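Chemist: First the structure, which I've put down as structure tokens, then a few questions once you've had a look.
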Amino acid sequence: MPDQLLAIHNLKTSFFTQDGEVQSVRGVSFTVNQGEVVGIVGESGSGKSVTAKSILSLIKPPGKIIDGEIMFRGENLLAKTEKELRSIRGNRIAMIFQDPMTSLNPVVKIGKQVAEVMMRHRKISRAEAWNHALELLKQVGIPSPEERLNQYPHELSGGMRQRVMIAMAISCNPDLLIADEPTTALDVTIQAQILELMKELQKKTNTSIIMITHDLGVVAQLCSKVIVMYGGLIMEEGPVKEIFANPQHPYTQGLLRSIPKSIVGEKERLQPIEGTAPNLLNPPSGCPFADRCPHAMAICNKECPPYFRVNENHRSMCWLNDPMPKEKEGGIIESR
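Start counting the sequence shown at 1; every next residue gets the next number (my numbering).
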């Protein structure tokens, strides 16, 4: 049985605005095993980044985690004090943020920023940390690393800044690495290099990775399991190969249909998902995707479906998977 590293149970995170409560994450549960690479995909506003930041309690007012458990190595992170969390952040759990230019300190040299992480968590001398920072920059493929240590973030390209963020994230050999859309602002060539780098590092260190992205191509390259989010909920979850070959939720099917196909000699029009995402200030009582779903039934607008088990590792939150109306065998229902 695989070693379970992270287990999230019924996570709910909201933002309390002047207009009311925005329910960004509405009861999310999933697990990450040791050495597993999990992709979380979905449109903007689906709850991906809020889920990731909730793991490290990085939700700032007016945001608040209002319910759930986040179990890391058997310990509930939501029960820990801020001081205890500071010893975990950047050490046992590290995060690569979407925009390295706003995540790196613009007035502190690269070498100092990388070394500070190790000096804080590994209790090593400044000289040792500086030497290790140099090795990390070499490891992530930054050219002329000795020169880069003494440069400021604005003197580096976007690709190099992202590599610096990865170097900082892996400096303390974390058990879990959370990457929040780390390739979004990069061109295709640099994106491919960053993904290949993360793949190599994961193989070498057996670090677990949560990859937050809107790009299913990234998931296909890097991940073994995929979680599809929409409207603050998980719509579908399963092994990457199975989800791509046999998607069960209409939203997942829509995402896959909207990917450009690169078949030589064939032309195919992209099929966008019509409509807009639900307003999470007043989330629908039924399935959040019902208004955009081509297969919506009356019950979809009235009642949010439970999770239906396609098999042991594959689940889908859709009434179409209910075995009873379709008079099919299998399809075990589990409570949400």
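Yeah, the Cβ is synthetic: ideal placement off N, Cα and C, and Gly gets one too.
These numbers come from a predicted model, not from an experiment.
Could you tell me the distance, in whole angstroms, from the CA atom of LEU5 to the CA atom of ASN91?
Modeler: Approximately 15 Å, taken between the alpha carbons.
Chemist: Tell me which residue opens and which closes the alpha helix (DSSP H) that LEU233 is part of.
Modeler: Counting along the chain, LEU233 falls outside any alpha helix (DSSP H), though it belongs to the beta strand (DSSP E) covering 233-239.
Chemist: Closest to VAL25 by CA distance: which of LYS64, ASN311, SER316 and LEU85 is it?
Modeler: Checking every option, the nearest Cα to that of VAL25 belongs to LYS64.
Chemist: For the region 171-254, which segments carrying the beta strand (DSSP E) assignment without a break, of at least 3 residues, lie completely within its bounds, in sequence order?
Modeler: Runs found: 176-180, 208-212, 225-230 and 233-239.
Chemist: Express the C-alpha separation of ASN279 and GLN18 in angstroms, rounding to a whole number.
Modeler: Taking the straight line from one Cα to the other gives about 15 Å.
Chemist: Measure from the alpha carbon of PHE15 to the alpha carbon of each residue in ARG269, CYS318, GLY217 and ILE66, then state which is nearest.
Modeler: When each option's Cα is compared against that of PHE15, the closest is ILE66.
Chemist: In or out: MET324 buried (at least 16 other Cβ within 10 Å) or exposed?
Modeler: By the neighbour-count rule (16 or more Cβ atoms within 10 Å), MET324 is not buried but exposed.
Chemist: Does any residue of chain D have a CB that is nearer than 8 Å to the CB of GLN221?
Modeler: In the displayed structure, chain D is absent; only one protein chain is listed.
Chemist: Express the C-alpha separation of MET101 and LYS109 in angstroms, rounding to a whole number.
Modeler: Each residue's alpha carbon lies about 13 Å from the other.
Chemist: Exposed or buried, what is PRO61 when buried is set at 16 or more other beta-carbons lying within 10 Å of its beta-carbon?
Modeler: Burial call: exposed.
Chemist: Taking 7 Å as the limit between beta carbons, can you name the residues of its chain near LYS48, skipping five residues before and five after?
Modeler: These residues qualify, in order along the chain: ILE40, GLY42, ILE212 and MET229.
Chemist: What separation, rounded to the nearest whole angstrom, lies between the Cα atoms of LYS345 and THR207?
Modeler: The requested residue 345 is not part of the displayed model; the chain covers only 1 to 336.
Chemist: Out of GLY35, LEU11, LEU176 and VAL22, which has the shortest C-alpha to C-alpha gap to VAL28?
Modeler: If we check each option's Cα against that of VAL28, LEU11 comes out closest.
Chemist: Starting from VAL37 and walking both ways along the beta strand (DSSP E), at which residues does that stretch end?
Modeler: It spans 37-41 - the beta strand (DSSP E) in which VAL37 sits, taken as one unbroken run.
Chemist: Expressed to the nearest angstrom, what Euclidean distance is found between the alpha-carbon atoms of THR205 and THR13?
Modeler: Straight-line Cα distance between these residues: approximately 32 Å.
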